[in-house]
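S.K.: Residue numbers (this note's numbering): 164 to 511.
We put the CB at the ideal spot given by N, CA and C, even for glycine.
The structure's right below; bear with me while I get my questions together.
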Amino acid sequence: MKTNRRTLLGAAGAAALLALTATGAFAQEVTLKLHQMLPAQASVPKLILDVWADKVEADSGGRIKIERFPSMQLGGSPPELIDQVVDGVADIVWTVVGYTPGRFPSTEVFELPFFVSDPKAAAYAFWKMYEKDMKDGEFKDVHMLGTWVHGPGLFHTTDPVETPGDLQGMKIRGGSRLVNQMLEAVGATPVGMPVPAVSEALSKGVIDGTTLPWEVTSSLKIAELVHNHTDFEGSGLYTLAFVMAMNPASYDALPDDLKAVIDADSGLDFSVLAAEVNLGADAPAKQIAEDMGNTFITIDAATVESDWMPLVEPIYASWVADMDAKGYDGQALIDEARALMDEYQANK
164 MKTNRRTLLG
174 AAGAAALLAL
184 TATGAFAQEV
194 TLKLHQMLPA
204 QASVPKLILD
214 VWADKVEADS
224 GGRIKIERFP
234 SMQLGGSPPE
244 LIDQVVDGVA
254 DIVWTVVGYT
264 PGRFPSTEVF
274 ELPFFVSDPK
284 AAAYAFWKMY
294 EKDMKDGEFK
304 DVHMLGTWVH
314 GPGLFHTTDP
324 VETPGDLQGM
334 KIRGGSRLVN
344 QMLEAVGATP
354 VGMPVPAVSE
364 ALSKGVIDGT
374 TLPWEVTSSL
384 KIAELVHNHT
394 DFEGSGLYTL
404 AFVMAMNPAS
414 YDALPDDLKA
424 VIDADSGLDF
434 SVLAAEVNLG
444 ADAPAKQIAE
454 DMGNTFITID
464 AATVESDWMP
474 LVEPIYASWV
484 ADMDAKGYDG
494 QALIDEARAL
504 MDEYQANK
């Protein structure tokens with residue numbers, strides 16, 4: 164199950180374009196608005212969203228145009244993105260699922276602490292679980308294009324963090340309900356906020372640090388604002404779940420041949436590729452911090468198991484209980500996600 168950039172450029176997209184050419188059906192032109200929260204130069208829009216949009220435009224023979232609106236240029240705040248695509252304010256959005264806590268409960272399985280070791284495997288599991296249960300459940304109001312997670316999340320702090328005790332009294336930004344629970348469990352004071360607000364909060368001393376994957380730190384200038392970075396061997400501290408979703412009416416309004424173009428460039432392979440690209444953007448961003456002479460702390464796997472896992476394991480039990488109370492089988496979701504991630508690893 165090896166995925167590479169050719170997947171995004173795949174044969175299915177080419178076949179769809181050939182079908183367009185064969186029928187001569189180039190009359191209809193469609194403009195779609197893609198809205199997201201990050202600056203245009205950040206890694207996700209630059210390396211994933213723009214690449215996807217460019218490919219769709221090319222595969223449609225120019226009949227689809229995708230207008231890109233970074234940094235919430237269509238208005239609203241990042242937590243409103245999912246409603247914007249449901250309501251048709253935007254035709255397509257990319258967003259963090261955890262910005263709307265409680266709305267997509269089963270996706271939180273990928274945000275459990277120290278749960279994801281391979282973002283590509285998690286993206287594979289996420290899409291499989293979306294198709295099986297979420298498509299007609301939590302995400303019934305959108306047409307899904309991609310589901311993935313970022314690379315390993317870690318601490319970026321004003322003072323070094325080597326043990327949970329070092330987090331006592333620190334105000335640390337978290338990006339979702341479960342990440343905030345994890346921060347509280349390890350002794351920090353969680354401060355919830357979307358990623359665009361992090362730079363200002365750090366510069367003004369509102370927070371003492373943040374949880375982020377490496378890839379987004381470059382566009383936020385995190386390495387200039389704080390100089391200590393703590394990561395973890397094995398499974399990352401956490402990941403956040405992403406979705407790229409389309410307004411169903413916008414999708415349904417497309418003729419079948421243009422739907423085929425969208426379909427060919429979206430789905431399982433695109434999701435895994437997006438996770439791979441996300442992960443690949445970590446190293447260049449980390450290099451910026453290295454060039455600035457920042458301090459790097461890596462917690463070895465044995466210390467994670469002995470000092471950190473006992474603090475966060477109760478989150479698993481409380482999450483299962485919370486899911487059960489909402490009518491889900493929480494333990495079954497954990498088991499399914501693990502099994503699918505193992506399946507990806509076995510078949511790649």
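Tell me the DSSP secondary structure of Phe189 in three-state form.
M.R.: Caution applies to Phe189, whose pLDDT of 49 falls short of 50 and renders its modelled position unreliable; the value that the coordinates give is listed next. Judged by DSSP in its simplified three-state form, Phe189 adopts coil rather than helix or strand.
S.K.: Please report the straight-line C-alpha distance between Trp482 and Asp420, rounded to a whole angstrom.
M.R.: Asp420 has its alpha-carbon roughly 43 Å from the corresponding atom of Trp482.
S.K.: Using C-beta distances below 7 Å, list every residue in its chain close to Glu347, excluding the 5 sequence neighbours before and after it, in chain order.
M.R.: Closer than 7 Å at the Cβ level, and outside the excluded window around Glu347, lie Pro353.
S.K.: Is Pro233 buried or exposed, if buried means 16 or more other CB atoms sit within 10 Å of its CB?
M.R.: Buried, since its Cβ has 16 or more Cβ neighbours within 10 Å.
S.K.: If you draw a straight line from the C-alpha of Ala364 to the C-alpha of Glu387, how long is it?
M.R.: 13 Å
S.K.: Note the first and the last residue of the continuous alpha helix (DSSP H) segment covering Ile385.
M.R.: Annotation for Ile385: the continuous alpha helix (DSSP H) segment containing it runs 385-388.
S.K.: In chain order, what residues of the same chain lie with their CB nearer than 8 Å to the CB of Thr402, ignoring the 5 residues before and after it?
M.R.: Correct list, in chain order: Phe273, Glu274, Phe278, Val279, Pro282, Ala285, Val312, His313, Gly314, Pro315, Gly316, Pro376.
S.K.: On the DSSP bridge assignment, give the partners of Phe395 in chain order.
M.R.: Ile462
S.K.: Give me the DSSP bridge partner(s) of Ala404.
M.R.: Val312
S.K.: By the three-class DSSP mapping on this structure, what secondary structure does Asp492 have?
M.R.: coil
S.K.: Excluding the 5 residues preceding and the 5 following Ala188 in the sequence, name in chain order all residues of the same chain whose CB lies nearer than 8 Å to its CB.
M.R.: At Ala188, the pLDDT of 45 sits below 50, so the modelled position is not reliable; the number obtained from the coordinates is stated separately. Same-chain partners within the cutoff: Pro418, Asp420.
S.K.: Give me the Cα-Cα distance between Phe395 and Gly224, rounded to the nearest whole angstrom.
M.R.: 46 Å
S.K.: Check the C-beta distance from Tyr414 over to His306 and give it rounded, since I have them as a contact under 8 Å.
M.R.: Right, the Cβ-Cβ distance comes to about 4 Å (below 8 Å), so this counts as a contact.
S.K.: Which residues in the same chain as Ile478 place their Cβ atom closer than 8 Å to its Cβ, once the five residues preceding and following it in sequence are excluded?
M.R.: Leu275, Pro276, Leu341, Gln344, Met345, Ala348
S.K.: What does DSSP give as the partner residues of Leu365 in its beta bridges?
M.R.: None; Leu365 has no bridge partner.
S.K.: Are the CB atoms of Gly372 and Met409 nearer to each other than 9 Å?
M.R.: For the pair Gly372 and Met409, the CB atoms are not nearer than the 9 Å cut-off.
S.K.: DSSP state of Met356, grouped into three classes?
M.R.: coil
S.K.: Can you tell me which of the three DSSP states Ile245 falls into?
M.R.: helix
S.K.: From Met472 to Asp304, what does the alpha carbon distance come to, in whole angstroms?
M.R.: In a straight line, the C-alpha of Met472 is about 37 Å away from that of Asp304.
S.K.: Tell me the DSSP secondary structure of Arg340 in three-state form.
M.R.: helix
S.K.: Would you say Val440 and Ala205 are within 9 Å of each other, going by their C-beta atoms?
M.R.: In this structure, Ala205 does not lie closer than 9 Å to Val440 by Cβ.
S.K.: Counting beta carbon pairs with one atom in the segment 489-503 and one in the segment 421-441, are three or more of them shorter than 8 Å?
M.R.: No, the segment 421-441 does not touch the segment 489-503.
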